[in-house]
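>
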């Protein structure tokens, strides 16, 4: 039975569970509305249900009071773990469940939670699991669109920030590397040329040419960063610049966030690092291929962010230059740094 949103007594809500099991990017972006939720429901505890390997996206978030994790073993243990997750959630006696994910598994968790209010999207396949239903709003930056689910609670989108925790150890690791390479804060540019999604990766030779232009015309050091599965692509860019860049050490999510936070500008593809840079509050230029700029570029919300996009390039095109030349990208870099 559906609940009339006008009859919700928010003063009775003491504990809320947000469900966003995966992936890591959405887990991070879902936190956009937590400040608004805390403001609307003073004193409320926010708990977060997530698959363990994605937990690093939200660890030590100041607005999350408790993280519930789901393991993902194989075989029969997988089903035992899912049964345990139902028990774990029900044991907490939540007043409100917000199912951000709308997967059959998360809808079942909500349905069996025992929570008085179960909030989800009205276009979910098994929307009967919810007694509060939200409609999707207009397409916009994904972190902003997360607010749509809160409409039945009387919460509209408002100004927000994203947070990502950087440990002292991660910061010290980066500070030591910067010192060893004689790099000062806000004196270098970071380039992240690779992507696990090849359709999002701007041509590697374009990145090396852009790095060369930055070296020659701006006299700024360029640091090439990479994820563990991106090292070969990053090395190609490094060698194509004939060693005129610095090759960053292996980094985890915290360490790379610490590094870009100390930089003057980040240049990257459309991907997770572009969103992580929002939390780092660093100027960022993202080069888009055929993915939806409206949904995935933070530029419409955050003044530190910019993007390049050629709308003549269509999904399925084989041109990995995305119709954007190194010279055009360099002109944008100059424009950003002169603002």
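Numbering (my numbering), first residue to last: 4 to 342. We put the beta carbon where it would ideally sit given N, CA and C, even for glycine. Please read all numbers here as calculations on a predicted model, not as lab measurements.
Could you tell me which uninterrupted beta strand (DSSP E) segments, each at least 3 residues in length, are contained entirely in the stretch 263-340, listed from first to last along the chain?
Here the runs fully enclosed are 268-272, 287-290 and 308-311.
> Output yes or no for whether 9 Å exceeds the beta carbon distance between residue 288 and residue 260.
Position 285 of the chain shown holds residue 288. Position 257 of the chain shown holds residue 260. Against a cut-off of 9 Å, the Cβ pair of residue 260 and residue 288 comes out as no contact.
> Within the stretch 113-157, note down every full beta strand (DSSP E) run reaching 3 residues or more, in order along the chain.
Those beta strand (DSSP E) runs which fall completely within the stretch 113-157 and span 3+ residues are 120-124 and 135-137.
> Per the contact definition of three or more C-beta pairs closer than 8 Å, is the stretch 23-40 in contact with the stretch 146-155?
Verdict: yes, contact present.
> With DSSP run on the structure shown, which of helix, strand or coil describes residue 52?
For this step, residue 52 is matched to residue 49 along the chain shown. Of the three classes helix, strand and coil, the one that applies to residue 52 here is strand, per DSSP.
> Could you give the distance in angstroms between the alpha-carbon of residue 193 and the alpha-carbon of residue 114?
Taking the chain shown and counting its residues from 1, one reaches residue 193 at position 190. Taking the chain shown and counting its residues from 1, one reaches residue 114 at position 111. Taking the straight line from one Cα to the other gives about 46 Å.
> Quick one: measure Cβ to Cβ for residue 53 and residue 31, integer angstroms, because I've assumed they're closer than 8 Å.
Taking the chain shown and counting its residues from 1, the one referred to as residue 53 is at position 50. Taking the chain shown and counting its residues from 1, the one referred to as residue 31 is at position 28. Going by Cβ atoms, the distance from residue 53 to residue 31 rounds to 10 Å, so no, they are not a contact pair.
> Within 8 Å, do at least three Cβ pairs link the stretch 243-250 to the stretch 211-218?
Yes, since at least three Cβ pairs between the stretch 211-218 and the stretch 243-250 fall closer than 8 Å, the two stretches touch.
> Give the single residue among 205, 162 and 25 whose Cα lies nearest to the Cα of residue 303.
Residue mapping note: residue 303 aligns to position 300 of the chain shown, counting from 1. When each option's Cα is compared against that of residue 303, the closest is 162.
> Can you look up residue 102 in the DSSP assignment and give me helix, strand or coil?
Residue mapping note: residue 102 aligns to position 99 of the chain shown, counting from 1. It is a strand residue.
> Report the rounded CA-to-CA distance for residue 174 versus residue 125, giving the unit in angstroms.
The residue you call residue 174 lines up with position 171 of the chain shown. The residue you call residue 125 lines up with position 122 of the chain shown. The alpha-carbon atoms of residue 174 and residue 125 are separated by roughly 43 Å.
> Evaluate the contact criterion for the stretch 169-186 versus the stretch 293-312: three or more CB pairs, one atom per stretch, below 8 Å.
Output reads no: the stretch 293-312 does not touch the stretch 169-186.
> For residue 317 and residue 78, what's the separation of their Cα atoms in angstroms?
To locate residue 317, count along the chain shown from 1; it is residue 314. To locate residue 78, count along the chain shown from 1; it is residue 75. The alpha-carbon atoms of residue 317 and residue 78 are separated by roughly 41 Å.
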